[in-house]
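Working notes, structure below.
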Amino acid sequence: MSIYDIKVKTPEGVEYDLNEYKGKPLLIVNTATKCGLSNQFEGLEMLHNKYKDQGLIVIGFPSNQFHQEVSNSEEAANACRMSYGVTFPMHEIVKVNGKDAHPLFKHLTANSRGFLSSNIKWNFTKFLVDKEGKLVERYSPTDSPESFEKDILNVL
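Mapping to numbering that gives the first Met the number 0: the sequence shown position 38 is 37, numbers consecutive.
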């Protein structure tokens, strides 16, 4: 299975294929608006604005598996826009671990390892995917978006 075979939903529940992003590098992030790392929205937005014209797509997926997200997808997307100035695409609230994990995160974690295992340990785990849909790198929640800007330049 390719990342492009996976379907995702907007906060409003509209489903679409990641195939829409074929040929563009992706930075995929599991987010949470009430997380202590939510200041990373600023760095993610900076990368989005700086490189979107060169093809980079930053996409956020709120998750409440760590109990730091609001109650619904639309509220999470609005909080990202209003509190953090996010303009990159946000999606429905998803699970990132376990048997009920969203297929996208099952795919990403099956093809990468975190510190101790493939499970996502916390909010703001980030995945860089190249133009061909291959996972290039997985970044820990504490890695600031600015810290791997050179990796983004390599996939543009």
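C-beta atoms are modelled at their ideal positions from N, C-alpha and C, and glycine is treated no differently.
According to the Cβ coordinates, are Gly59 and Val85 closer than 9 Å?
Numbered from its first residue, the sequence shown carries residue 59 at position 60. Numbered from its first residue, the sequence shown carries residue 85 at position 86. Cβ distance < 9 Å, so Gly59 and Val85 count as in contact.
How big is the Cα-Cα spacing for Glu74 and Leu43?
Within the sequence shown, the letter at position 75 stands for residue 74. Within the sequence shown, the letter at position 44 stands for residue 43. If you draw a straight line from the Cα of Glu74 to the Cα of Leu43, it comes to about 19 Å.
Of the residues Ile56, Pro140 and Thr32, the one placed nearest Lys23, counting alpha carbons only:
As a working note, residue 23 is residue 24 in the sequence shown. Checking every option, the nearest Cα to that of Lys23 belongs to Ile56.
Report all residues from its chain with a CB closer than 6 Å to the CB of Ser143; omit the five preceding and five following residues, and keep chain order.
Numbered from its first residue, the sequence shown carries residue 143 at position 144. Within the same chain, Ser143 has close Cβ partners Gly42.
Environment of Leu62 [buried if 16+ CB atoms lie within 10 Å]
On the sequence shown, residue 62 is found 63 positions in, with the first residue counted as 1. According to the sequence shown, residue 62 is Ser rather than Leu. Classification of Ser62: buried, given that the 10 Å Cβ count is 16 or more.
Go through its chain and collect everything with a Cβ distance to Leu103's Cβ below 8 Å, but skip five positions before and after it.
The residue labelled residue 103 in the question sits at position 104 within the sequence shown. Same-chain partners within the cutoff: Ile2, Ile5, Val7, Leu17, Ile27, Phe60 and Val93.
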